[in-house]
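Taken in order, the sequence shown gives residues -20 to -1, 1 to 103; the numbers are from mature numbering (1 follows the signal peptide of the UniProt record, and there is no 0). Some notes on the structure that comes next.
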Amino acid sequence: MRAYVLAACLAVLPVAVAHADPVEIVANPSAASGSITEIDIKDMLYAPTTVKVKRGTIVRWKNIDEVAHNVQLRGGPAKGWDKAQGPMLSQNETYALQFNDAGTYKYICTPHSIAMKGEIVVE
Ligand SMILES: [Cu+2]
């Protein structure tokens, strides 16, 4: 029975591997074009905290604060994504992700996770 379950899991695996990442990092965020939703990082908050976007939308964060911040996706469709933790952004630096799969993506700022939380709802 156990061998049968394992075989069934392996048979499903190629489909999962072929599926594109639910999220992609935009290589040059300041030059990104297309459908873009902007989020400011200021006063130790993401503004707006929650955004609702369509699949394929690019979300671009800009750090206004003098303190460095980042964006780390937690769970949801991005669960297990090996690039979920974004780089620390200095003042006026930007970071952008394209959201390909529907779902609710929660995120935090790694060093300020208690205060800084946000949510991207992709329809
Ligand atoms: Cu922060």
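A virtual CB, placed ideally from N, CA and C, is assigned to each residue, including glycine. Computed from a predicted structure; not experimentally measured.
Review point. Near Q65, which residues of its chain fall below 6 Å by C-beta distance, leaving aside the five closest residues on each side in sequence?
Key: Counting from one through the sequence shown, the residue named residue 65 turns up at place 85. The residues are Q52.
Point to revise | Buried/exposed call for Q78, threshold 16 Cβ in 10 Å | key: Counting from 1 along the sequence shown, the entry for residue 78 is found at position 98. Q78 should be labelled buried.
Review point. Within the 8 Å Cβ cut-off, does V39 reach chain C?
Key: The structure shown has no chain C; it contains just one protein chain.
Practice item. Determine contact between the region 4 to 21 and the region 30 to 42, defined as no fewer than three beta-carbon pairs at a distance below 8 Å. Key: Counting Cβ pairs under 8 Å, three or more are found: they touch.
Practice item. State the Cα-Cα distance for the pair M96 and V3, rounded to the nearest angstrom. Key: Mapped onto the sequence shown, residue 96 falls at position 116. Mapped onto the sequence shown, residue 3 falls at position 23. Looking at the two C-alpha atoms, the distance is approximately 21 Å.
Review point. For T84, which of helix, strand or coil comes out of DSSP?
Key: Translated into the one-based positions of the sequence shown, residue 84 becomes position 104. The three-state secondary structure of T84, taken from DSSP, is strand.
Point to revise | T90 - DSSP class collapsed to helix/strand/coil | key: If you number the sequence shown from 1, residue 90 lands on position 110. Helix at T90.
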